[in-house]
Structures are given as C-alpha cells and as structure tokens.
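In structure tokens, the structure reads:
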C-alpha cells in the first residue's frame, strides 16, 4: 500500500486536524482495495440554524438504509484530548427517518458538552453509511514523526469495539518518506 502524505500531511496538519480530514486524505489517495463509506458532514452552527436543510441534504446524499452519526469535535483526536469514544456516536440510525436522524444528531452534539466542555459552533458531525458484516474495523492515528498507529478490532467484533474499550490489536505503520507509492512497513 502506498500513501502520498507529502501533498497533505504534515504540511497541512494543524491541531484541528479531524477524522473528516483523515477520510478526505484516504479518498484522495485512491488506494487500491480501500473504500471509504459515503458521508456528509456539517457544523453545529449549520445544524442549529438550518436543520431542515441538513436533513434534506442527508436524504439527497442517499447514504443507505442504516447510518452512523459520528462525532468530529475540535477537542477530540489531539494529544490533550479525550480518549476515542468519549463523545457520542450513534449506530443503527434509520436512513429514511428524519426523526431518527435528528435525535441521533442532537445526541452527538449534546455529548460535546461532557465534563463541562463548551460546544464550539464549528464542531462537526458527520453522517455515514454504516457497514454491515464488517470483517475488521479500527482507528488510525497519524503522527508528526512519520508513523501511523492503527488499533484494529478482533475479527467478529462490533464496529465500535476500538472506541468502546474492546480488545484490540495495535499495529504501527512506518512511512519512510512522504512520496507517492511509498511502501508502508509494519513495525509491531
């Protein structure tokens, strides 16, 4: 597998680098055999001011029958941030039910205020097709020193096993140089 991080990372890395940025990076790389489930993202501010439009956009995007509503707050996924799974993600949301989507989105946004935190109007939520019969799932963490740590759930686990504290395997990938076609080696 080759990942060209040179055009995107770490040059564009900031403390507000998010899950959505990582997904966009993976999509741009057009890696053979890798697919990212369709998604739509929006800010808390967009939700608060035009939720009907957001819901219409989700329906128009046709993400599928079963959705997952995921957190993407500025205060997550950084060094001094809460651990994965701290903010809410809602699985199994009916993709045809605006009431169900609305309740799930409200639940995710409400979780941004845990432990007295202030909700940032630019925090994001993303709604994504939920995978069925997933063989392996995990969370990847990018670092500024050229490593990618991937926490993978054991075969047969739920897709939220990593973020809910389930048993996982840890793999560290070394990216030798940031150029197209770079081979990634597993360090373990």
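Residue numbers (our numbering): 7 to 194. All residues carry an ideal CB built from backbone N, CA and C; glycine is no exception. Predicted, not measured: the structure shown is a model, and the values here were computed from it.
Reference residue i; option with closest CA among the options
i: residue 61; options: 141, 123, 72 and 106; result: 106
i: residue 79; options: 138, 94 and 66; result: 94
i: residue 26; options: 134, 159 and 144; result: 134
i: residue 123; options: 104, 68, 82 and 64; result: 82
i: residue 47; options: 99, 145, 77 and 98; result: 77
i: residue 230; options: 145, 31 and 70; result: Residue numbering for the chain in the displayed model covers 7 to 194; residue 230 lies beyond these limits and cannot be assessed.
i: residue 98; options: 136, 28, 121 and 31; result: 136
Supposed close pair residue i, residue j - CB separation, criterion 8 Å
i: residue 75; j: residue 131; result: 6 Å
i: residue 101; j: residue 73; result: 5 Å
Residue i burial status per 10 Å Cβ neighbour count (16 or more: buried)
i: residue 129; result: buried
i: residue 66; result: exposed
i: residue 24; result: buried
i: residue 111; result: buried
i: residue 197; result: In this structure the chain extends from 7 to 194, so residue 197 is not present and cannot be described.
i: residue 1; result: Only positions 7 to 194 of the chain appear in this structure, which leaves residue 1 out of reach.
Proximal residues to residue i (C-beta, below 8 Å), its chain only, five neighbours per side dropped
i: residue 108; result: 57 and 61
i: residue 127; result: 49, 50, 51 and 54
Spatial neighbours of residue i in its chain, beta-carbon cut-off 7 Å, leaving aside the 5 residues before and after
i: residue 125; result: 50, 115, 118 and 119
The region 115-122 touching the region 41-48, judged by at least three CB pairs closer than 8 Å: no
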